[in-house]
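Here the protein sequences come in this chain order: Y and A. Be aware that the first sequence starts at 32, since it is given in the numbering used here, and climbs by one per residue. Be aware that the second sequence starts at 95, since it is given in the numbering used here, and climbs by one per residue. Glycine is no exception: its CB is placed at the ideal position from the N, C-alpha and C atoms. Just so you know, these numbers come straight off a predicted model, no measurement behind them. Here is the structure we will look at.
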Amino acid sequence: MALQSLDIVRRSATTIPAPQARHAHSGEVAKLIDVTKCIGCKACQVACMEWNDLRDDVGSCNGHYDNPADLSDQSWTLMRFAEYENDKGDLEWLIRKDGCMHCADPGCLKACPAPGAIVQYANGIVDFVEENCIGCGYCVTGCPFNVPRISKKDKKAYKCTLCSDRVGVGLEPACVKTCPTGAIVFGSKDDMQRHADERIEDLKSRGFEQAGLYDPAGVGGTHVMYVLHHADKPEIYSGLPKDPHISAMVRLWKGATKPLAVLAIVGAALAGFLHYVGVGPNETTEEDEKAARRELEKQS
Amino acid sequence: MTTQTSGQPVDTPNPAAGEIVRYNAGTRVAHWILVLCFLLVALSGLAMFYPPLYWLSNLFGGGDIMRAVHPWIGLVMVVAFLAVASQVYMHMRIEQRDRQWLRQTNDVVANREEKLPDVGRYNAGQKLVFFSVITCATVLLLTGLEIWRAYFTAYFPVELTRFASLLHAFFAFVLILTIIVHIYAAIWVRGSVRAMTRGTVTYGWAWRHHRAWFRDVMRNASK
């Protein structure tokens, strides 16, 4: 692996602190997907397959341009095509490259019960380490974006790695490398936000007044961001959530309840032990046996 | 009559040995299958619930095997529980004397049994354990099926899966607490464990802890 343990800032199901010595001094990375520049050519899907050695099954057409129909263990990114009728009654073809958003506060990592099966690197990339994955699917339960997929073959979870292996040696992700229109760019998160600002200004000057950056604060921001023409309505882009955050139920399930519940269990066992020591067992005495016999004799 | 009472039907007294059959062989076998299943699902469940206990997954040969077998063991546990419950549920109705028994919890924990009302086949504490287990088992079965990723989860919305995951953890917690009470009570009240291992209790045990049941058994036997 190109990245090493020193680069890990968060590790699933791990309570000991991660190594703190190194930081991403050059800034966290981000991929910026400019939906307004995307032509839906799917070159990014192909590049992803090639670089990551993935081959999805050939599916069948189900009436729209999405191909394959959904993300899978073999398809880590996917163009989603939405036909949107705007206020003027015109058609807008909104094409969004779906995949892992690499949240700063990842719901998958929070939910994962297997130590080290999900890690977050100092540069912001959230990666699945399949050798530690136990296939429970809690990452799917925890994800606010419905991204991870469990393989039917090996029961392990897969998703976009943001090409952590390429990024680790100074390359850009495969999808970025291949994008023919420059709709996908990659760099430090600061640079990508600056670049997005320029794009948004341009879009606003062209009449897209609600143009904006999708970098949702509910998950602490993401390391995959979108420039949207209609940032006020992200749901029209094939259901991009408006305010994604880790579900309160997942927080409760994976939060303070864990140590408190275990403490209560240990406390209950300890209470039993102390009762035994303090009060002692409730024993049947010879007197009880005699009393039982006496009562029987009285009966007969 | 021989002294070998363990093969007899329940509620049969054996005057020669001074014993009463409390559980027949079928119930005892089902109970210990239930015990084994509970231990396995509780240990694997705790391993998946609380990261510092993840090492318990080694007992199962690794996390992936543990994840795969946990639901199957749970299903066996439900079947074993139904087998045990079918033999005892008819004695579990809460009666007036049970309410009185519960009001005197301080006498219960202090071993002052002579102050308590006469108890039937089960005391109020045992009945509460029964109702707790039956509630937990029902919720754990339903939520467990929902979060069984290999077969069922894909058919449900993710919000329901989140809720089911939370409920599964919560009711597992309640069940573990209940079973700790159950196990401790069996250790605390001496002579109880043999009811589930050999099937019998002594006359004195029945007279001391379940006097109303003792009288019922003797009345029916003399008919």
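When you compare each of the options to residue i by their alpha carbons, which one comes out closest?
{"i": "G146/A", "options": "C75/Y, A44/Y, D118/Y", "result": "For the record, residue 146/A in the displayed sequence is Pro; it is not Gly. Selected option, being the one with the closest Cα: A44/Y."}
{"i": "D263/Y", "options": "N163/Y, S269/Y, G243/Y", "result": "G243/Y"}
{"i": "T172/Y", "options": "T255/A, F250/A, G238/A", "result": "T255/A"}
{"i": "L236/A", "options": "P109/A, F132/A, P165/A", "result": "P165/A"}
{"i": "V332/Y", "options": "P99/Y, A61/Y, C143/Y", "result": "In the structure displayed, chain Y extends from 32 to 331; residue 332/Y sits before or after that span and is not available."}
{"i": "I156/Y", "options": "C134/Y, H56/Y, G201/Y", "result": "C134/Y"}
{"i": "V216/Y", "options": "L193/Y, A292/Y, K141/Y", "result": "L193/Y"}
{"i": "P67/Y", "options": "A279/Y, E328/Y, F239/Y", "result": "This sequence places Thr at residue 67/Y; Pro is not what is there. Comparing Cα positions, the closest option is F239/Y."}
{"i": "I277/Y", "options": "K329/Y, C143/Y, K235/Y", "result": "C143/Y"}
{"i": "P137/Y", "options": "E114/Y, R111/Y, N313/Y, N177/Y", "result": "N177/Y"}
{"i": "N313/Y", "options": "Y278/A, L271/A, L169/A", "result": "Y278/A"}
{"i": "H303/A", "options": "A292/Y, T315/Y, V293/Y", "result": "T315/Y"}
{"i": "L133/A", "options": "I159/A, F143/A, M171/A, T121/A", "result": "M171/A"}
Looking only at its chain, what residues have a beta carbon closer than 7 angstroms to the beta carbon of residue i, apart from the 5 residues adjacent to it on each side?
{"i": "S275/A", "result": "Note that residue 275/A corresponds to Val in the displayed sequence, not to Ser. Within the same chain, V275/A has close Cβ partners V223."}
{"i": "C191/Y", "result": "W107, T108, G130, C131"}
{"i": "M312/A", "result": "P107"}
{"i": "P211/A", "result": "R191, Q194, W195"}
{"i": "A179/A", "result": "I228"}
{"i": "N217/A", "result": "W195"}
Apart from the five residues on each side of it in sequence, which residues of its chain come closer than 8 angstroms, Cβ to Cβ, to residue i?
{"i": "A49/Y", "result": "I39, V40, R41, R42"}
{"i": "N314/A", "result": "D105"}
{"i": "T209/Y", "result": "A74, C75, V77, A78"}
{"i": "F241/A", "result": "The sequence shown places Ile at residue 241/A, not Phe. The answer, listed in chain order, is T247, T255, A258, S259, H262."}
{"i": "V295/A", "result": "E113, I114, R116, G285, S286, R288, A289"}
{"i": "M95/A", "result": "Confidence at M95/A is low in this model, with a pLDDT of 42, below 50, so its placement is unreliable and the value that follows should be read with caution. Within the same chain, M95/A has close Cβ partners N108, P109, A110."}
{"i": "D274/Y", "result": "P247, G249"}
{"i": "A113/Y", "result": "W124, L125, I126, R127, I267, Y268, S269"}
{"i": "P146/Y", "result": "R42, S43, A44, T45, N163"}
Within the continuous beta strand (DSSP E) that includes residue i, where are the two ends?
{"i": "R284/A", "result": "Taken as a continuous stretch (DSSP letters only), R284/A belongs to no beta strand (DSSP E), as it is neither H nor E."}
{"i": "T294/A", "result": "294 to 296"}
{"i": "K321/Y", "result": "Segment 317 to 330 is the alpha helix (DSSP H) holding K321/Y; no beta strand (DSSP E) there."}
{"i": "R127/Y", "result": "122 to 129"}
{"i": "V115/A", "result": "113 to 115"}
Counting C-beta neighbours from all protein chains within 10 Å, is the total for residue i 16 or more, i.e. buried, or is it exposed?
{"i": "Y148/A", "result": "buried"}
{"i": "H54/Y", "result": "exposed"}
{"i": "F304/Y", "result": "exposed"}
{"i": "G311/Y", "result": "exposed"}
{"i": "D192/A", "result": "buried"}
{"i": "G214/A", "result": "buried"}
{"i": "A33/Y", "result": "A caution first: A33/Y carries a pLDDT of 47, below 50, which makes its placement in the model unreliable, though a value can still be read off. Exposed, since its Cβ has fewer than 16 Cβ neighbours within 10 Å."}
{"i": "P175/Y", "result": "buried"}
{"i": "P290/Y", "result": "exposed"}
{"i": "T97/A", "result": "Any reading at T97/A needs caution, since the residue's pLDDT is 49, under 50, leaving its predicted position unreliable; the model's value is listed next. Counting Cβ neighbours within 10 Å, T97/A comes out exposed, since fewer than 16 surround it."}
{"i": "G201/Y", "result": "exposed"}
{"i": "I149/Y", "result": "buried"}
{"i": "C167/Y", "result": "buried"}
{"i": "K329/Y", "result": "exposed"}
{"i": "N93/Y", "result": "exposed"}
{"i": "G298/Y", "result": "exposed"}
{"i": "P103/A", "result": "exposed"}
{"i": "D65/Y", "result": "buried"}
Counting along the chain, where does the alpha helix (DSSP H) carrying residue i start and finish?
{"i": "V163/A", "result": "157 to 182"}
{"i": "R122/A", "result": "119 to 143"}
{"i": "K221/A", "result": "218 to 240"}
{"i": "R193/A", "result": "190 to 197"}
{"i": "L140/Y", "result": "138 to 142"}
{"i": "V311/A", "result": "305 to 316"}
{"i": "V213/A", "result": "Here V213/A belongs to no alpha helix (DSSP H), and DSSP marks it neither H nor E."}
{"i": "V104/A", "result": "That residue, V104/A, is in no alpha helix (DSSP H); it is neither H nor E in DSSP."}
{"i": "R197/Y", "result": "195 to 198"}
Spatial neighbours of residue i within its chain, please: CB distance less than 6 angstroms, with the 5 preceding and 5 following residues excluded, ordered by chain position.
{"i": "F265/A", "result": "C230, V233, L234"}
{"i": "A52/Y", "result": "none"}
{"i": "D84/Y", "result": "none"}
{"i": "V268/A", "result": "C230"}
{"i": "D104/Y", "result": "R180, S182, Y189"}
{"i": "W82/Y", "result": "A205"}
{"i": "M186/A", "result": "K221, F224"}
{"i": "T212/Y", "result": "K68, I70"}
{"i": "R305/A", "result": "D212"}
{"i": "G252/Y", "result": "A135, D246"}
{"i": "E161/Y", "result": "K187"}
Cβ of residue i within 6 angstroms of any heavy atom in the ligand MN?
{"i": "R282/Y", "result": "What this structure holds is no ligand at all, so the ligand MN is not there to describe."}
| request: Could you name each continuous alpha helix (DSSP H) segment of 4 residues or more that falls completely within the segment 209 to 293 of chain Y, going from the start of the chain to the end? | output: 220 to 236, 279 to 285
| task | Counting only runs of 3+ residues fully inside the segment 152 to 186 of chain Y, write out the beta strand (DSSP E) ranges in chain order. | result | 157 to 159
| said: My parser needs the alpha helix (DSSP H) runs of 4 or more residues fully inside the segment 40 to 112 of chain Y; what are they? | reply: 74 to 83
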